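All residue numbers for the sequence shown refer to my numbering, where the first residue is 13 and numbers rise by one.
Let me begin by presenting the structure, written as structure tokens, before commenting on it.
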Amino acid sequence: MSATPAAFTVLIPARLASTRLPGKPLADIAGLPMVVRVARRAAQSAAARCVVAADDERILQACQAHGVQAVLTRADHASGSDRLAEACELLGLAEGDIVVNVQGDEPLIEPALIDAVATLLTQRPEAAMGTAAHPIASAQDLASPNVVKVVTDAQGLASYFSRAPIPFARDHAAGSAWWQAGGVPAGFAPLRHIGIYSYRVGFLRGFPQLAPAPTEQLEQLEQLRALWHGHRIAVHISPQAPGAGVDTPEDLERVRALLAPAG
């Protein structure tokens, strides 16, 4: 496997409104707005460029003040993928170009993970999207509806994503960490989905026009729309969990402490 992906662009959707953490993209982390920290971290990947897709002029100005490229998108997009599709148009990206969606609340994102997800699409021409997952460590995470699980096939393509504990181990006690016991395939563990995606631009432009899938509406997982309509999603398996994102004020304080200057 090649360690160097083909040229790609990182797109970082940034929405100012947030129920649990208002103004999240501009939250200060050790002297920098969070979205700027995400962009600088993503710039350590092999991406040709990293661009913030903002929904508010204040985000655009904060990025420009710190030398981060940004475009202003409409504020009324229904989803992040709609915002990314508009950003592709604004940037004049070609149909065959590859973009990686890095969430704007991931200041601890690993550059190597970005590269790995981008590389999926150069290695897997049958896939319209790429994403990532890591082995689940606890029965609590397997049971939690806030932890999205993914099951892959023999080719490393996603079969299904769910908030339910999948796969279900029929012959093991409910609520147990069954994969840590005997009697299961060596090295097998349920997988937690990591919310990073790579797309071919042509697919991304058409994705918002696909009808929402019943599975998507039930699970509230947008990636199920792609599977419902017959598109394939390649999955990179990371050996460990990435740095956690920032969803709450408590998350913000934790990341501030991690990134605070020494001394």
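Glycine included, every Cβ here is placed at the ideal spot set by N, Cα and C.
None of the values given here were measured: they were computed from a predicted structure.
Practice prompt. Please report the residue range of the alpha helix (DSSP H) in which leucine 132 lies.
Written response: 123–135
Discussion item. Within the continuous alpha helix (DSSP H) that includes proline 261, where are the two ends?
Written reply: 261–271
Discussion item. I'd like the list of long-range same chain contacts for leucine 125, defined as Cβ closer than 8 Å, with 5 residues on each side in sequence excluded.
Written reply: Ala144, Ile206, Ile208, His248, Ser250 and Pro254
Item to complete: Please report how far the alpha carbon of leucine 270 lies from the alpha carbon of aspartate 183, in whole angstroms.
Response: 42 Å
Worksheet item: Should the stretch 257–271 be called in touch with the stretch 30–44, which here means at least 3 C-beta pairs below 8 Å?
Response: yes
Item to complete: Assess, as a yes-or-no matter, whether the stretch 152–172 is touched by the stretch 208–218 under the definition of 3 or more beta carbon pairs within less than 8 Å.
Response: no
Worksheet item: Within this structure, are the beta carbons of isoleucine 110 and alanine 18 separated by less than 8 Å?
Response: yes
Discussion item. Let's test the definition: count the other Cβ atoms within 10 Å of the Cβ of alanine 74 and tell me whether it reaches 16, buried, or not, exposed.
Written reply: buried
Item to complete: Taking only the alpha-carbon atoms, compute the straight-line gap between cysteine 100 and alanine 186 and give it to the nearest angstrom.
Response: 45 Å
Item to complete: State the DSSP-derived secondary structure class of arginine 285, mapped to helix, strand or coil.
Response: An answer regarding residue 285 cannot be provided, because it is not within the stretch 13 to 275 covered by the chain.
Worksheet item: Which term fits aspartate 127, buried or exposed, when burial requires 16 or more other beta carbons within 10 angstroms of its beta carbon?
Response: buried
Worksheet item: In the structure shown, what three-state DSSP assignment does alanine 15 receive?
Response: Because the pLDDT of alanine 15 is 48, which lies under 50, any placement of that residue in the model is unreliable, and the number read from its coordinates should be weighed accordingly. Looking at alanine 15 - three-state DSSP - the assignment turns out to be coil, as it is neither helix nor strand.
Item to complete: Drop a sphere of 10 angstroms on the beta-carbon of alanine 15, count the other beta-carbons inside from all chains shown, and report buried for 16 or more, exposed for fewer.
Response: Only weak support is given to the placement of alanine 15: the predicted model assigns it a pLDDT of 48, under 50, and the value that follows is read from those uncertain coordinates. Its Cβ having fewer than 16 others within 10 Å, alanine 15 is exposed.
Fill in: N- and C-terminal bounds of the beta strand (DSSP E) containing threonine 227
Segment 226–231 is the alpha helix (DSSP H) holding threonine 227; no beta strand (DSSP E) there.
Practice prompt. May I have the straight-line CA-CA distance separating serine 156 from leucine 233, to the nearest angstrom?
Written response: 15 Å
Fill in: Sequence-distant residues of its chain with Cβ nearer than 7 Å to arginine 32 (five each side left out)
Asp259 and Thr260
Discussion item. Going by DSSP in three states, serine 174 sits in which element: helix, strand or coil?
Written reply: strand
Worksheet entry | alanine 65 and leucine 23 closer than 8 Å at C-beta | yes
Discussion item. Could you give the first and the last residue of the continuous alpha helix (DSSP H) run that contains arginine 49?
Written reply: 46–54
Worksheet item: Can the beta-carbon of phenylalanine 200 be found less than 8 Å from the beta-carbon of valine 112?
Response: no
Worksheet item: Just how far apart, CA to CA, sit glutamate 98 and proline 220?
Response: 10 Å
Worksheet item: How close, in whole Å, do the beta carbons of proline 202 and isoleucine 245 come, if the pair is a contact with beta carbons under 8 Å?
Response: Actually they do not touch by this definition, with Cβ atoms about 17 Å apart.
Worksheet item: Alpha carbon to alpha carbon, how far is glutamate 107 from alanine 39?
Response: 34 Å
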